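Asker:
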Ligand SMILES: Nc1ncnc2c1ncn2[C@@H]1O[C@H](COP(=O)(O)OP(=O)(O)OP(=O)(O)O)[C@@H](O)[C@H]1O
Ligand SMILES: [Mg+2]
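Protein chains in written order, with our numbering: chain A, 9 to 263; chain B, 9 to 339.
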């Protein structure tokens, strides 16, 4: 028996008003898999990620995370929207890292990391702090625990953001262009942390333009354009030998 | 700037003439400025001199009453009215602002209705209404409508005029505070709510822990203005009628001693003293809150200064664009 996938999307559609942004995304992410999602601006990559942890509601199709339907509940052939509490419970098992970090600026690095475990998981303060320190140490920031985000470099902020997401012990991590807002010399330190995370067997979906990372770390690569999956497969193959013309023209621009 | 002095001499050829003599030019004169200033000072001096000698102001009476025991007590009552009303108004305003931003349309509408009524009618009229409350509602009952009440109170016994004045002022002010708080909340980057939600935090948790603390920087300065405004608005409580506040008390005294102008001056002096104190307080509060959080907003992948990190624990380091006029030197 093969293990069920961590993420399973079946013709997922999403509209913003009359603007159909996702036009039937079908894909699977296996447990422990690192998938890179690439595509031109506006192709719906962020929207898809946001659907996965129900920051946006799916309009059509089905989206499963860990065999659980995202955002809805199926009872007796009918779909019911989830209560906010239940939706929040789904979300806390999914970590998300944003392009612009979105750290809480009024909290120190450590406070950022322990906030959700204490508030959401109800973890005791001492336990949360011990865990938080360990995580910050893991992302190489043991010397910056008491610093506010404003006093950290972009790369450091993003590493705090990763630690913050990991503190909830997620089974899936979503990265939305985690290095796009960084100065070039800071990209490496964030990618290193992600690489290390991938090596621990974390399931990851990474929207990125870092093709080097995709080639080196990812197990699969999906190219999206205009709200559909145009091409997917082994990253080294897709990058070296894209089949579709749209993939070719996109890759010729970013490589 | 030190940067200039550090330039090695070799670079000076191309750079600005660093070491050359400072410019000595005849200053441009502004004769009209001087003329206008002289006229203003003269007019003011004339007014003061005239006022000092004008019998209608009755300065001896002023001196007699400025520290009158009744006036001092009334000033204290005015402060109490201000403080109690503002505390209630801020809490209620916070609640209303959160209600207005709630995803629930009914909750939203109720908050909107409140604002519509309490901002749409004069505070004086509202105070008169509160004064009439015991006429409109003779008793206050707790229980199920239509059945014998579980508990019942005479309204006039439960609510004295001071309480009614506080309620009237607070409920009116809450409507304005709600808008201030709402503006503060909306000023917080959308990504904050998103990050909190993605971590599994509920909406109330997100508000309480993430959004509201960050909105303080925007909320504090206009709230200071509202406190000053409230201090002056307390002079309307005579509408309730409550008569122990500074203005009404001084009016009452002047009704006996026939020194209307002097008593107005007495009351005004006290109001001015209080507003001046509040203005100083507001200045420091604003300075305090425009630091810390303000500087920490992530406007972009922005501020990167390793050396500044050592000061992080104090939470007060760099400045924001808002205070750039007085602290523009640092970034
Ligand atoms: N909340 C929203 N309301 C309306 N339209 C939206 C919203 N969010 C995204 N869109 C639209 O959906 C489309 C896809 O957006 P999305 O952010 O998913 O693209 P993307 O692939 O992540 O692009 P980028 O590389 O620029 O981040 C865009 O045309 C955008 O304008
Ligand atoms: Mg995007």
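Yeah, the Cβ is synthetic: ideal placement off N, Cα and C, and Gly gets one too. Source: prediction; values computed, not measured.
Looking only at its chain, what residues have a beta carbon closer than 7 Å to the beta carbon of residue 48 (chain A), apart from the 5 residues adjacent to it on each side?
Answerer: Cβ within range, chain order: 233, 258.
Asker: Would you list the residues sitting across from residue 23 (chain A) in a DSSP beta bridge?
Answerer: Note: residue 23 (chain A) sits in a beta bridge opposite A:28.
Asker: Determine the direct distance from the alpha carbon of residue 280 (chain B) to that of residue 273 (chain B), and round the result to whole angstroms.
Answerer: Spanning the two alpha carbons is a distance of roughly 10 Å.
Asker: Can you confirm whether the segment 17 to 27 of chain A touches the segment 51 to 63 of chain A when touching is taken to mean that 3 or more C-beta pairs between the two stretches lie within less than 8 Å?
Answerer: The answer is yes - the segment 17 to 27 of chain A touches the segment 51 to 63 of chain A, with three or more Cβ pairs under 8 Å.
Asker: So, are the CB atoms of residue 56 (chain A) and residue 105 (chain A) less than 8 Å apart?
Answerer: Contact flag unset, no.
Asker: Can you give me the start and stop residues for the beta strand (DSSP E) that residue 208 (chain A) sits inside?
Answerer: Looking at the DSSP string, residue 208 (chain A) is not in any beta strand (DSSP E), and its letter there is neither H nor E.
Asker: Considering residue 102 (chain A), what are the terminal residues of the alpha helix (DSSP H) in which it resides?
Answerer: Residue 102 (chain A) -> not in any alpha helix (DSSP H); beta strand (DSSP E) instead, spanning 102 to 105.
Asker: Please classify residue 250 (chain A): is it buried, with 16 or more other beta-carbons within 10 angstroms of its beta-carbon, or exposed?
Answerer: Buried, since its Cβ has 16 or more Cβ neighbours within 10 Å.
Asker: Along chain A, in chain order, which residues have C-beta atoms closer than 8 Å to that of residue 205 (chain B)?
Answerer: Under the 8 Å cutoff, chain A gives 63, 96, 99.
Asker: Once DSSP output is grouped into helix, strand and coil, what is the label at residue 145 (chain A)?
Answerer: DSSP places residue 145 (chain A) in helix when its eight states are reduced to three.
Asker: Could you please go through the chain and list the residues whose beta-carbon is closer than 5 Å to any non-hydrogen atom of ligand 1?
Answerer: The filter returns A:24, A:29, A:49, A:50, A:51, A:52, A:53, A:54, A:55, in chain order.
Asker: Is the CB-CB distance between residue 97 (chain B) and residue 178 (chain B) below 8 Å?
Answerer: Going by C-beta atoms, residue 97 (chain B) is nearer than 8 Å to residue 178 (chain B).
Asker: Residue 314 (chain B) to residue 195 (chain A), Cα distance in whole Å?
Answerer: Because the pLDDT of residue 314 (chain B) is 37, which lies under 50, any placement of that residue in the model is unreliable, and the question is left without a value.
Asker: In chain A, what lies closer than 9 Å to residue 192 (chain B) by C-beta?
Answerer: The contacting residues do not exist; residue 192 (chain B) stays about 13 Å from chain A at best.
Asker: Using the DSSP secondary-structure output, state which residues sit across from residue 228 (chain A) in a beta bridge.
Answerer: Beta-bridge pairing links residue 228 (chain A) to A:43.
Asker: Roughly how many angstroms separate the alpha carbons of residue 118 (chain B) and residue 212 (chain B), rounded to a whole number?
Answerer: Their Cα atoms are separated by approximately 18 Å.
Asker: So that I know if they touch, is there some Cβ in chain A lying closer than 8 Å to that of residue 215 (chain B)?
Answerer: Not an interface residue.
Asker: Determine the closest residue to residue 70 (chain B) out of B:263, B:215, B:50, B:277, with distance taken between C-alpha atoms.
Answerer: Of B:263, B:215, B:50, B:277, the residue nearest in Cα terms is B:277.
Asker: What residues from chain A crowd round residue 290 (chain B), counting only those whose CB sits closer than 7 Å?
Answerer: Going along chain A, no residue has its Cβ under 7 Å from residue 290 (chain B), so there is no contact; the nearest lies around 21 Å.
Asker: Express the C-alpha separation of residue 193 (chain B) and residue 93 (chain B) in angstroms, rounding to a whole number.
Answerer: Answer to the nearest angstrom: the Cα atoms are 22 Å apart.
Asker: Who are the neighbours of residue 107 (chain B) on chain A, taking C-beta pairs under 8 Å?
Answerer: Those within 8 Å of residue 107 (chain B) in chain A number zero; the least Cβ separation is about 17 Å.
Asker: Would residue 226 (chain A) be called buried (16 or more neighbouring beta carbons within 10 Å of its own) or exposed?
Answerer: Burial call: buried.
Asker: Against chain B, with Cβ distances strictly below 8 Å, would residue 112 (chain A) count as a contact?
Answerer: With 8 Å as the cut-off, residue 112 (chain A) counts as an interface residue toward chain B.
Asker: Would you identify the three-state DSSP class for residue 82 (chain A), choosing helix, strand or coil?
Answerer: Three-state result, residue 82 (chain A): strand.
Asker: Answer with yes or no whether the minimum CB distance from residue 171 (chain A) to chain B is below 8 Å.
Answerer: No, its Cβ sits nowhere closer than 8 Å to a Cβ of chain B.
Asker: Ligand 2 heavy atoms versus the CB of residue 184 (chain A): any closer than 7 Å?
Answerer: Indeed, a heavy atom of ligand 2 lies less than 7 Å from the Cβ.
Asker: Does any C-beta atom of chain A lie closer than 8 Å to the C-beta of residue 329 (chain B)?
Answerer: The pLDDT assigned to residue 329 (chain B) is 37, lower than 50, so where the model puts this residue is not dependable; a value taken from the coordinates is nonetheless given after this. No, residue 329 (chain B) does not count as interfacial toward chain A.
Asker: Nearest by alpha-carbon distance to residue 263 (chain A): which of A:231, A:220, A:224 is it?
Answerer: Checking every option, the nearest Cα to that of residue 263 (chain A) belongs to A:220.
Asker: Can you confirm whether the segment 141 to 160 of chain A touches the segment 92 to 100 of chain A when touching is taken to mean that 3 or more C-beta pairs between the two stretches lie within less than 8 Å?
Answerer: With the cut-off at 8 Å, the segment 92 to 100 of chain A and the segment 141 to 160 of chain A do not touch.
Asker: When the distance is taken between beta carbons, is residue 135 (chain B) closer than 8 Å to residue 182 (chain B)?
Answerer: No, Cβ-Cβ distance for residue 182 (chain B) and residue 135 (chain B) is not below 8 Å.
Asker: Can you tell which of A:214, A:115, A:18, A:91 has its C-alpha closest to the C-alpha of residue 75 (chain A)?
Answerer: If we check each option's Cα against that of residue 75 (chain A), A:18 comes out closest.
Asker: Taking the alpha carbon of residue 253 (chain B) as the point to measure from, which residue in B:264, B:86, B:42, B:229 has its own alpha carbon closest?
Answerer: The candidate whose alpha carbon is nearest that of residue 253 (chain B) is B:86.
Asker: Can you pull the chain A residues whose beta carbon is under 9 Å from the beta carbon of residue 202 (chain B), in chain order?
Answerer: Under the 9 Å cutoff, chain A gives 58, 63, 104, 106, 110.
Asker: Specify the secondary structure class of residue 145 (chain B) as computed by DSSP and reduced to three states.
Answerer: If DSSP states are grouped into helix, strand and coil, residue 145 (chain B) belongs with coil.
Asker: Count the other C-beta atoms from every protein chain shown that fall within 10 angstroms of the C-beta of residue 264 (chain B), then say buried if there are 16 or more, exposed otherwise.
Answerer: The residue in question, residue 264 (chain B), is exposed, as its Cβ has fewer than 16 Cβ neighbours within 10 Å.
Asker: With a cut-off of 8 Å on the beta carbons, I'd call residue 228 (chain A) and residue 41 (chain A) a contact; round off their distance for me.
Answerer: Going by Cβ atoms, the distance from residue 228 (chain A) to residue 41 (chain A) rounds to 6 Å, so yes, they are a contact pair.
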